[in-house]
Structure formats: structure tokens, C-alpha cells
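Notes follow the structure.
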Amino acid sequence: MEVILIVVPAFIIFAIGFIGQKQIGFDRKSISTAALYLMYPFLAFRTFYTNEVTIDYLYIVIFCIALMLLLILLVVVIAKLQAQSRSKSSALVLASVFMNSGNYGVPIILFAYGEAGVDYAIIMMVIQSLLMNTVGLYFAARGSSTANHSFKDSLVKIARMPINYAVILGLMTQAFSVSVPEFIMQAVHFVADATIPTIMIVLGMQLASLTKGTVKWADLSTIFSIRMIVSPVLALVLTMIMGLDPMLASILIILAAMPTAANTTMYSLQFNTEPQLVSYSTLVTTVASLITVPLMLWLVGAVS
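All residue numbers for the sequence shown refer to the numbering used here, where the first residue is 643 and numbers rise by one.
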């Protein structure tokens with residue numbers, strides 16, 4: 643029951659955006675752009691500035707990259723077999739590969755493992771954030787339906803994203819032990835704390851704007867199967883191959899079973915990469931996680 647209650651605040655925030663869009667109506671693209679270009683860089687900087695790089699990063703980096711590549715390969719093969727468009731295949735990657743390991747996964751791990759587990763969860767959140775802000779942005783830009791983008795065009799779009807420079811700045815300040823003045827960090831904290839709720843409100847707005855018949859259940863079932871079933875199974879195999887500590891292995895498997903990241907909705911909306919499909923996927927996998935996450939905790943033995 644307590645695990646389920648952890649999910650409830652997320653649905654309340656989604657509902658705020660949903661009701662606001664239905665009753666008032668907002669320019670979702672403008673709010674999404676503000677969150678992506680003005681707010682998210684502050685969250686990224688704080689994440690990399692405040693989390694010390696340790697040897698555990700290496701193991702989790704290898705795990706995250708291996709899992710991401712395997713899932714992308716699987717999605718690409720499925721998209722080829724189904725003769726999907728570039729926009730649709732890119733949306734499938736966004737929704738299937740990138741999980742909500744941060745604002746959703748960290749509280750779950752805190753409940754199941756306590757402070758010791760949270761340290762691992764934060765490391766994975768940091769690495770996933772980096773992957774999502776590079777590889778995820780690439781697929782979002784690649785799948786843009788507004789123009790015929792080449793590989794070079796997609797890389798140019800990524801290079802223009804301020805969040806990447808915020809990540810580099812955060813890593814550099816930590817690597818060279820640069821202490822950011824407290825009055826600056828206070829401003830950073832204010833904006834960073836508002837970022838995730840803003841992204842979730844945008845998702846609620848996007849859900850309120852969904853139209854019937856625009857999303858195929860076959861696509862949703864593909865995303866659901868990969869995100870909620872295939873991903874944790876691959877995670878189990880990877881942790882066994884790597885011979886990881888049992889607690890770290892369990893945490894990585896649980897985080898690999900998290901629903902689609904809310905950030906992918908913002909990316910898909912920004913680049914017009916099948917935003918309806920990505921939004922629906924985030925909603926469906928998040929709702930399903932009310933059952934799948936407690937089940938996963940039980941399966942790995944995190945909760946007796």
C-alpha cells in the first residue's frame with residue numbers, strides 16, 4: 643500500500659495539468675520550450691554538481707549503456723520489421739528505452755532500501771539523465787516530422803541544447819573542486835526544484851489534448867512490453883554477467899522496470915516526434931506501474 647501511495651503525488655500533478663488544459667487552455671509548446679531551455683539546465687547542473695563521482699559510476703555506466711543499446715537495437719529491429727516511419731521508430735525508442743529513474747525511481751528505492759540504496763539510485767539517475775539528454779535528444783530530433791533531418795541536423799540540434807553545457811559545467815565544477823557561492827546555488831535550487839513538476843504538468847496538458855484514434859494499440863503494446871517486461875529481464879541478465887553486488891543488482895533491475903520517463907513527452911512535443919504516442923505511453927506505463935512496481939519489488943526480494 644505504501645508503495646502505491648508513492649505514485650499518487652505524480653498522478654495529482656498530472657491531473658493539475660490535465661484540468662488546467664481542459665478548463666483554461668495553454669500553449670503547451672511554449673511551456674515545454676521554457677522547461678527544456680530555461681529550467682532543465684539548472685536541474686542538470688545541480689545533479690552533476692552535487693553528486694560525487696565514484697567507482698560505482700563505472701559499473702552503473704556500463705550497465706546503463708549496455709541496457710540502452712540492447713533496447714535500441716530491439717526497437718530498431720521491430721520498427722524495421724513493421725516498416726515504421728522514421729518519426730514513429732524514433733518515438734518508439736523514446737518511449738521504450740528511457741525510464742523514469744529519477745523523480746519516480748528514487749522514492750521507490752528509498753522506501754525499499756533506505757539511504758544506502760538511494761545513493762545507487764541517484765547515480766543511475768545522473769547517468770540516465772546524461773544519456774537521455776544526448777541519445778534521447780538525438781532520436782527526438784531525428785524523428786522530427788517538421789522537416790527531413792539528416793544525422794548532421796540532429797547533432798546540430800543537440801549541440802544547441804543548453805542542458806548539455808549545464809552537464810559539462812556541473813562535472814567541471816566538481817572535478818576541479820570549484821565551490822559555487824551559496825546565493826547562486828539558492829537560485830539554482832529554486833529553478834531545479836520546479837523543473838520536474840513543470841515537466842509533469844506539461845505531460846498532463848498533453849494528455850488532455852490527446853484525440854481518439856491517433857494512437858495504435860499495437861504500438862502501445864510494443865512499448866509496454868519492452869519498457870515494463872523486456873527491460874527488467876535484460877537488466878537481470880546484465881547484472882548476472884557483470885557479477886554485481888546483490889543489492890546494487892536488485893536496485894538496477896527495479897529501476898529498469900520503471901515507466902516511460904516524463905521528459906520524453908517534453909522532447910517529443912518540442913520536436914513534434916509523435917507526441918501523442920509518447921504521451922499515451924507515459925500515461926499507460928505509469929498507471930500500470932501501480933501493479934508492476936510492487937510486483938518487481940517482491941520478485942527481487944526488496945520487500946518481504
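The C-beta atom is built at its ideal place from N, Cα and C for all residues, glycine as well.
Identify the continuous alpha helix (DSSP H) that holds residue 670 and give its terminal residues.
Within the sequence shown, residue 670 is the residue found at index 28, counting from 1. Where residue 670 is concerned, the enclosing alpha helix (DSSP H) starts and stops at 670-676.
Can you confirm whether the region 674-691 touches the region 840-848 when touching is taken to mean that 3 or more C-beta pairs between the two stretches lie within less than 8 Å?
The answer is yes - the region 674-691 touches the region 840-848, with three or more Cβ pairs under 8 Å.
Segment contact, 8 Å Cβ cut-off, at least three pairs: the region 746-762 with the region 886-896:
Of all C-beta pairs linking the region 746-762 to the region 886-896, three or more are shorter than 8 Å, placing the two stretches in contact.
With a cut-off of 8 Å, do at least 3 Cβ pairs link the region 700-707 to the region 727-734?
Three or more beta-carbon pairs separated by less than 8 Å are not found between the region 700-707 and the region 727-734, which leaves the two stretches without contact.
Output yes or no for whether 7 Å exceeds the beta carbon distance between residue 895 and residue 942.
As a position in the sequence shown, residue 895 is number 253, starting the count at 1. As a position in the sequence shown, residue 942 is number 300, starting the count at 1. In contact: residue 895 and residue 942 (Cβ atoms closer than 7 Å).
Around the C-beta of residue 885, are 16 or more other C-beta atoms found within 10 angstroms, so that it is buried, or is it exposed?
Here the question's residue 885 lines up with position 243 in the sequence shown. Classification of residue 885: exposed, given that the 10 Å Cβ count is below 16.
C-alpha distance - residue 954 paired with residue 652, whole-angstrom precision:
Any property of residue 954 remains undetermined from this structure, which presents the chain solely from 643 to 946.
Distance between residue 826 and residue 897 (C-alpha atoms, nearest Å):
Walking along the sequence shown from the start, residue 897 turns up at place 255. Walking along the sequence shown from the start, residue 826 turns up at place 184. Whole-angstrom Cα-Cα distance: 32 Å.
Could you tell me how far apart the beta carbons of residue 923 and residue 737 are, in whole angstroms, since I believe they sit closer than 8 Å?
As a working mapping, residue 923 is identified with position 281 in the sequence shown. As a working mapping, residue 737 is identified with position 95 in the sequence shown. That belief holds up - the Cβ atoms of residue 923 and residue 737 are roughly 4 Å apart, short of 8 Å.
Comparing alpha-carbon positions, which option in 784, 848 and 682 lies nearest residue 812?
Residue numbering aside, residue 812 sits at position 170 when the sequence shown is read from its first letter. Taking only the C-alpha atoms, the option nearest residue 812 is 682.
Run through DSSP, which three-state label would residue 902 get?
Here the question's residue 902 lines up with position 260 in the sequence shown. Here residue 902 sits in strand by DSSP.
Quick one: measure Cβ to Cβ for residue 972 and residue 741, integer angstroms, because I've assumed they're closer than 8 Å.
Nothing about residue 972 can be read from this structure; the chain reaches only from 643 to 946.
For the alpha helix (DSSP H) containing residue 730, list its first residue and its last residue.
Here residue 730 refers to the residue found at position 88 when the sequence shown is read from its first residue. Note, residue 730: alpha helix (DSSP H), 728-739.
Assumed close pair residue 694, residue 816 - CB separation to whole angstroms, cut-off 8 Å
For the purposes of this step, residue 694 is taken as residue 52 along the sequence shown, with counting starting at 1. For the purposes of this step, residue 816 is taken as residue 174 along the sequence shown, with counting starting at 1. So it is a contact: roughly 7 Å between Cβ atoms.
Nearest to residue 861 by alpha carbon, out of 879, 802 and 918?
The count along the sequence shown starts at 1 and reaches residue 861 at position 219. Scanning 879, 802 and 918 for the CA closest to the CA of residue 861 turns up 918.
Whose C-beta lies closer than 6 Å to the C-beta of residue 698 among residues of the same chain, with five residues either side of it excluded?
By one-based count along the sequence shown, residue 698 stands at place 56. Its chain contains 765 as the residues whose beta carbon lies nearer than 6 Å to that of residue 698, once the 5 sequence neighbours on both sides are disregarded; these appear in chain order.
What does the Cβ neighbour count give for residue 666, buried or exposed, with the cut at 16 atoms within 10 Å?
Working through the sequence shown from its first residue, we reach residue 666 at position 24. Burial call: exposed.
Do you know offhand how far residue 655's Cα is from residue 879's?
Indexing the sequence shown from 1 puts residue 655 at position 13. Indexing the sequence shown from 1 puts residue 879 at position 237. Cα to Cα, residue 655 sits roughly 35 Å from residue 879.
With a 10 Å radius around its C-beta and 16 neighbouring C-beta atoms as the bar for buried, classify residue 902 as buried or exposed.
As a working mapping, residue 902 is identified with position 260 in the sequence shown. Residue 902 counts as buried, since no fewer than 16 other beta carbons sit within 10 angstroms of its beta carbon.
With residue 914 and residue 786 assumed to form a contact (beta carbons below 8 Å), what rounded beta-carbon distance in angstroms separates them?
Taking the first residue of the sequence shown as 1, we reach residue 914 at position 272. Taking the first residue of the sequence shown as 1, we reach residue 786 at position 144. Your pair residue 914 and residue 786 checks out as a contact, with CB atoms roughly 6 Å apart and the cut at 8 Å.
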